[in-house]
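Protein sequence lines correspond, in order, to chains P and B. The first sequence begins at 205 in our numbering and counts up one residue at a time. The second sequence begins at 205 in our numbering and counts up one residue at a time. Note that beta-carbon positions come from the ideal geometry of N, C-alpha and C, so glycine has one too. Source: prediction; values computed, not measured. What follows is a set of notes on a single structure, which appears directly below.
Number of protein chains: 2
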Amino acid sequence: MQNDIESYLLNLQKAICGAVSEIDGKDFRIDEWVRPEGGGGKSCILQDGEIFEKAGVNFSHVYGDALPAAATVHRKEIIGRRFDAMGVSLVFHPRNPYAPTVHFNIRFFLATRADECPIWWFGGGFDLTPYYGFEEDCVHWHQTAREACQILGEDKYQEYKANCDSYFYLKHRQEARGIGGLFFDDLNQPGFEKSFEFTKSIGNSFLKAYIPIVEKRKNIPYGERERAFQLYRRGRYVEFNLIYDRGTLFGLQSQGRTESILMSLPPLVRWDYDWHAEKDSPEERLTEYFLKPREWVKT
Amino acid sequence: MQNDIESYLLNLQKAICGAVSEIDGKDFRIDEWVRPEGGGGKSCILQDGEIFEKAGVNFSHVYGDALPAAATVHRKEIIGRRFDAMGVSLVFHPRNPYAPTVHFNIRFFLATRADECPIWWFGGGFDLTPYYGFEEDCVHWHQTAREACQILGEDKYQEYKANCDSYFYLKHRQEARGIGGLFFDDLNQPGFEKSFEFTKSIGNSFLKAYIPIVEKRKNIPYGERERAFQLYRRGRYVEFNLIYDRGTLFGLQSQGRTESILMSLPPLVRWDYDWHAEKDSPEERLTEYFLKPREWVKT
Chain P
205 MQNDIESYLL
215 NLQKAICGAV
225 SEIDGKDFRI
235 DEWVRPEGGG
245 GKSCILQDGE
255 IFEKAGVNFS
265 HVYGDALPAA
275 ATVHRKEIIG
285 RRFDAMGVSL
295 VFHPRNPYAP
305 TVHFNIRFFL
315 ATRADECPIW
325 WFGGGFDLTP
335 YYGFEEDCVH
345 WHQTAREACQ
355 ILGEDKYQEY
365 KANCDSYFYL
375 KHRQEARGIG
385 GLFFDDLNQP
395 GFEKSFEFTK
405 SIGNSFLKAY
415 IPIVEKRKNI
425 PYGERERAFQ
435 LYRRGRYVEF
445 NLIYDRGTLF
455 GLQSQGRTES
465 ILMSLPPLVR
475 WDYDWHAEKD
485 SPEERLTEYF
495 LKPREWVKT
Chain B
205 MQNDIESYLL
215 NLQKAICGAV
225 SEIDGKDFRI
235 DEWVRPEGGG
245 GKSCILQDGE
255 IFEKAGVNFS
265 HVYGDALPAA
275 ATVHRKEIIG
285 RRFDAMGVSL
295 VFHPRNPYAP
305 TVHFNIRFFL
315 ATRADECPIW
325 WFGGGFDLTP
335 YYGFEEDCVH
345 WHQTAREACQ
355 ILGEDKYQEY
365 KANCDSYFYL
375 KHRQEARGIG
385 GLFFDDLNQP
395 GFEKSFEFTK
405 SIGNSFLKAY
415 IPIVEKRKNI
425 PYGERERAFQ
435 LYRRGRYVEF
445 NLIYDRGTLF
455 GLQSQGRTES
465 ILMSLPPLVR
475 WDYDWHAEKD
485 SPEERLTEYF
495 LKPREWVKT
């Protein structure tokens with residue numbers, strides 16, 4: 205079963221990189237790396253493209269004979285087991301401030317011990333971080349997310365959307381990172397086949413959810429004002445990833461490959477002291493309307 | 205005694221802002237703020253100056269009737285006591301890549317309870333983060349640091365320098381943040397008078413340590429290469445402050461004033477994937493020579 209998942213993840217990485225390259229006109233650089241303690245990965249990166257200022261898609265599969273205690277706080281039963289962790293994770297930072305930044309991840313975890321039942325789960329999701337909000341993009345994004353969840357029944361979209369809203373939240377700013385999407389974890393209750401099928405459904409939905417939005421926004425004319433706002437808002441992305449993101453912090457603490465982990469950081473970022481958007485401007489509307497959790501699709 | 209310390213800190217803030225304004229030609233913006241739970245502060249900020257792209261000097265004095273348990277891990281005896289915490293903290297980001305970024309902080313903490321001895325200590329220090337290294341600047345910086353410590357005897361410079369090297373270290377990069385300086389904490393053993401005198405000696409040394417360096421480097425001609433390297437290295441500063449810095453993380457967790465806490469972040473920053481300096485370049489010399497802890501002054 206691990207081979208099936210690994211194949212799916214590698215094919216998905218390839219398909220996503222292919223689609224992004226086609227839009228951008230530039231190819232990804234591919235770095236394969238080995239983890240001395242077991243496993244390794246494949247980092248695909250496109251920098252300074254015409255459409256994407258930075259787009260990184262990571263695949264990794266790491267394993268070991270005994271999971272260190274530091275690797276989990278909540279799941280004490282997996283400490284000391286043989287483990288496999290694999291996943292695909294990506295962040296795209298388009299150049300045009302009207303095109304949103306996007307994050308997507310799916311992952312599989314397995315912990316085994318002789319004569320005991322294996323412990324495993326899937327996790328993942330995707331979320332969107334616009335600089336300028338467009339109602340129709342939010343609806344399309346969440347509509348696609350909702351459809352991707354149907355395979356597990358009507359109520360899963362609401363549950364995973366709520367998870368996403370609460371996870372991607374900057375407490376020190378009292379601000380959402382973006383307009384949300386899906387976030388699921390510890391998925392195993394429906395059984396392996398169904399859980400894998402669901403995870404693939406999320407994986408296969410990503411391009412459908414994102415590409416139409418970036419296609420629609422990538423050529424909107426913009427000026428210095430929009431660019432400055434984009435760089436300023438990217439600061440929030442950095443703050444979230446370095447202060448709160450569990451994947452980033454776990455990766456850095458466990459001596460993962462730093463350059464692959466921090467591929468998620470934006471290429472260029474500003475911090476302006478105590479900056480405030482003008483009243484009734486599109487910049488104000490981002491935080492005051494789009495970044496407040498709301499029901500984008502009527503269910 | 206608290207009044208004396210507060211006066212000293214406010215005067216120091218004024219003197220430092222005055223000296224920086226004089227070099228730059230631009231004035232600081234001053235924001236006074238109140239902390240609803242007790243106390244407040246004064247944030248002085250100079251943005252987009254000719255010499256300083258961003259220079260922030262914070263004073264704060266916060267207090268409360270009962271120190272929350274979350275505020276300390278190591279000092280359980282102060283939980284629930286009335287407390288006062290005050291300090292001055294600054295970070296300057298010069299525009300010229302040949303002029304180093306600098307950080308300085310001094311602070312005083314007091315915890316009291318009726319009929320018990322007050323618990324108090326001083327802490328602080330200063331450290332320098334060059335983009336291009338100059339041997340003579342490092343020697344001057346550490347020489348000044350060493351002289352500032354003499355008041356507590358010959359061995360304190362070595363102790364506080366070693367603290368500084370181990371504190372300002374990016375584990376995930378296996379890299380020092382800068383060329384170090386001084387870092388002291390929990391200082392009370394020499395008694396109040398002497399500890400305060402020492403802390404003032406550190407405070408009074410800051411301009412002597414930094415100004416000659418920025419004066420010497422602020423007008424060196426530079427081009428795109430040096431500017432790009434500066435923005436790239438500033439990424440390390442962000443990584444340190446958001447992932448490791450106790451003051452920053454404690455401030456954000458305790459719902460301090462976010463804009464004052466994050467005044468330390470550079471105005472403009474790049475992240476380039478897997479960037480490496482050319483062999484034998486000044487950029488390589490920064491990490492390979494200047495950022496390795498070394499004895500800059502012979503003692």
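Boundaries of the beta strand (DSSP E) in which residue i is found, first to last residue
i: Ala315/P; result: Thr305 to Thr316
i: Phe296/P; result: Arg286 to Pro298
i: Asn367/B; result: Element bounds for Asn367/B: not the beta strand (DSSP E) but the alpha helix (DSSP H), Lys360 to Tyr371.
i: Asn262/B; result: Phe256 to Gly268
i: Gly385/P; result: Gly384 to Leu391
i: Val473/P; result: Leu472 to Arg474
7 Å CB neighbourhood of residue i in its chain, flanking five on each side removed
i: Leu271/P; result: Ile282, Ile283, Gly284, Arg285, Phe287 and Ala315
i: Cys469/B; result: With the sequence shown as reference, residue 469/B is identified as Leu, and Cys is not the correct amino acid for it. Only Val442 and Asn445 meet the Cβ criterion.
i: Gln347/P; result: Val501
i: Arg431/P; result: Pro301
i: Val473/B; result: Leu435, Arg438, Gly439 and Val442
Within chain B, partners of residue i - CB distance below 9 Å
i: Gln251/P; result: Asp476 and Tyr477
i: His376/P; result: Gly455, Leu456, Gln457, Gln459, Gly460, Thr462, Ile465 and Leu466
Cα-Cα separation between residue i and residue j, rounded to whole angstroms
i: Phe444/P; j: Leu435/B; result: 20 Å
i: Gln251/P; j: Gly260/P; result: 8 Å
i: Val238/P; j: His265/P; result: 10 Å
i: Glu499/P; j: Asp235/P; result: 40 Å
i: His344/B; j: Gln457/P; result: 35 Å
i: Ala219/B; j: Glu463/B; result: 22 Å
i: Arg350/P; j: Glu482/B; result: 49 Å
i: Phe543/B; j: Gly407/B; result: Residue numbering for chain B in the displayed model covers 205 to 503; residue 543/B lies beyond these limits and cannot be assessed.
i: Lys280/P; j: Lys398/P; result: 26 Å
i: Arg440/B; j: Pro471/P; result: 13 Å
i: Leu213/B; j: Gly245/B; result: 11 Å
i: Tyr335/P; j: Asp341/P; result: 12 Å
i: Leu319/P; j: Gln206/P; result: The residue you asked about is not Leu; residue 319/P is Asp in the sequence shown. Roughly 19 Å between the two C-alpha positions.
i: Ile417/P; j: Glu428/P; result: 22 Å
i: Pro394/B; j: Val295/B; result: 29 Å
i: Pro301/P; j: Phe402/B; result: 51 Å
i: Ala223/P; j: Gln362/B; result: 57 Å
i: Gly328/B; j: Lys422/B; result: 26 Å
i: Thr305/B; j: Lys412/B; result: 15 Å
i: Gln354/B; j: Glu379/P; result: 48 Å
Interface residues of chain B facing residue i [CB-CB closer than 7 Å]
i: Val295/P; result: Under the 7 Å cutoff, chain B gives no residues; its nearest Cβ is about 11 Å from Val295/P.
i: Pro486/P; result: Here the premise fails: no neighbours, minimum Cβ distance about 22 Å.
Chain-ordered chain P contacts of residue i [CB-CB under 8 Å]
i: Lys467/B; result: The sequence shown places Met at residue 467/B, not Lys. Result: Tyr477.
Extent of the continuous alpha helix (DSSP H) run through residue i
i: Val442/B; result: Glu428 to Ile447
i: Thr276/B; result: Run containing Thr276/B: none; DSSP gives neither H nor E here.
i: Trp324/P; result: From DSSP, Trp324/P is part of no alpha helix (DSSP H) but of the beta strand (DSSP E) over Ile323 to Thr333.
i: His344/P; result: Glu339 to Cys353
i: Val418/B; result: Phe396 to Arg421
i: Arg450/P; result: Arg450 to Gln457
i: Arg489/B; result: Pro486 to Arg489
i: Gly222/P; result: Gln206 to Asp228
Beta-bridge pairing of residue i - partner residues as DSSP gives them
i: Glu236/P; result: Lys246/P
i: Glu379/B; result: Leu374/B
i: Gln251/B; result: Lys258/B
Amino acids of chain P, ordered along the chain, whose beta-carbon sits closer than 7 Å to that of residue i
i: Val473/B; result: Val473
i: Glu443/B; result: Leu446
Closer than 8 Å at the beta carbon, the chain B residues around residue i
i: Pro470/P; result: Trp475
i: Gly260/P; result: Tyr477
Own chain, CB closer than 6 Å to residue i, minus 5 neighbours either side, in chain order
i: Asp513/B; result: For residue 513/B there is no data in the structure shown, the boundaries of chain B being 205 and 503.
i: Gly243/B; result: His265, Val266 and Tyr267
i: Ser409/B; result: Thr348 and Ala352
i: Ser293/B; result: Asn262 and Asn309
i: Phe312/B; result: Ile209, Met290 and Phe326
i: Ile227/P; result: Ile255
i: Gly455/B; result: Ile465
Chain-order list of residues whose beta-carbon lies under 8 Å from that of residue i (same chain, five-residue window excluded)
i: Tyr493/B; result: Gly337
i: Pro322/B; result: Leu314, Ala315 and Thr316
i: Ser233/P; result: Inspection of the sequence shows that residue 233/P is occupied by Arg rather than by Ser. Answer for Arg233/P: Cys248, Ile249, Leu250 and Gln251, listed in chain order.
i: Glu257/B; result: Gln251, His297, Pro298, Arg299, Pro470, Pro471 and Leu472
The ligand ZN heavy atom lying under 7 Å from the CB of residue i
i: Lys496/B; result: Within the structure as shown, the ligand ZN is missing, as the structure has no ligands at all.
Below-8 Å beta-carbon distance, residue i vs any chain C residue
i: Lys404/P; result: You won't find chain C in this structure, because its protein chains are P and B.
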